[in-house]
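Numbering (UniProt numbering), first residue to last: 1 to 152. Just so it is clear, CB atoms sit at the ideal spot from N, CA and C, and this is done for glycine as well. I have placed the structure first, in the form of structure tokens, so that the comments after it can refer back to it.
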């Protein structure tokens, strides 16, 4: 009985129709555009991080204008923006990999490339899922801390 079930599982194949191929190919064009824009935004964030750090170091009066962020100083702000750039770069890289591998797999009928494309897409959604959970927990923590501070 077990041998029969194993044979059935191995025989099941997923069929990718021409319509599905066209959808994937069109999606890869849009994801390439979004990835390139993400790379550009990441580059601006990196350039801006060093520019803001240098401006604050040159003009300490700017630090006073940052309000609560003034406590971390110029180096802290530079590091903060570099982390933001990294958080923007990684999903853009996954999108770019999906775009390249997906279009290559669709155009040349290579199953391996399409598998890698789907793996990158899975990683992208996993990244955004974890980031969303972290943001929700952060917001809830902030609300709880704010509510607790109002009680006193």
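Worksheet item: With DSSP run on the structure shown, which of helix, strand or coil describes residue 16?
Response: Sequence index remark: in the chain shown, residue 16 carries index 16 (1-based). Three-state result, residue 16: coil.
Worksheet item: Is there contact between the region 75-88 and the region 38-53, where contact requires at least three CB pairs shorter than 8 Å?
Response: Touching, yes, given that three or more Cβ pairs across the two stretches are closer than 8 Å.
Discussion item. Taking the alpha-carbon of residue 99 as reference, which of 46, 25, 19 has the nearest alpha-carbon?
Written reply: Position 99 of the chain shown holds residue 99. Selected option, being the one with the closest Cα: 25.
Worksheet entry | Closer than 7 Å: residue 62 CB and nearest the ligand ZN heavy atom | Inclusion of the ligand ZN in the displayed structure is not the case, the ligand content being empty and no account of it being possible.
Worksheet item: Exposed or buried, what is residue 60 when buried is set at 16 or more other beta-carbons lying within 10 Å of its beta-carbon?
Response: Position 60 of the chain shown, counted from the first residue, corresponds to residue 60. With fewer than 16 other Cβ atoms within 10 Å, it is exposed.
Fill in: Where the alpha helix (DSSP H) containing residue 69 begins and where it ends
Within the chain shown, residue 69 is the residue found at index 69, counting from 1. Per DSSP, residue 69 belongs to no alpha helix (DSSP H) and is neither H nor E.
Discussion item. For residue 100, report the span of its alpha helix (DSSP H) as first-last.
Written reply: Sequence index remark: in the chain shown, residue 100 carries index 100 (1-based). Residue 100: member of the alpha helix (DSSP H) spanning 73-108, first to last residue.
Worksheet entry | Under 8 Å between C-beta atoms of residue 34 and residue 95 | Numbered from 1 along the chain shown, position 34 holds the residue referred to as residue 34. Numbered from 1 along the chain shown, position 95 holds the residue referred to as residue 95. For residue 34 and residue 95, yes; Cβs fall inside 8 Å.
Discussion item. Any beta carbon from chain B within less than 8 Å of residue 53's own beta carbon?
Written reply: In the displayed structure, chain B is absent; only one protein chain is listed.
Worksheet entry | Complete alpha helix (DSSP H) runs within the region 119-148 (minimum length 4 residues, chain order) | The qualifying runs do not exist here; there are none.
Discussion item. Excluding the 5 residues flanking residue 64 on each side, which residues of the same chain have their C-beta closer than 8 Å to its C-beta?
Written reply: By 1-based counting over the chain shown, the position of residue 64 is 64. Cβ neighbours of residue 64 beyond the five flanking positions: 70.
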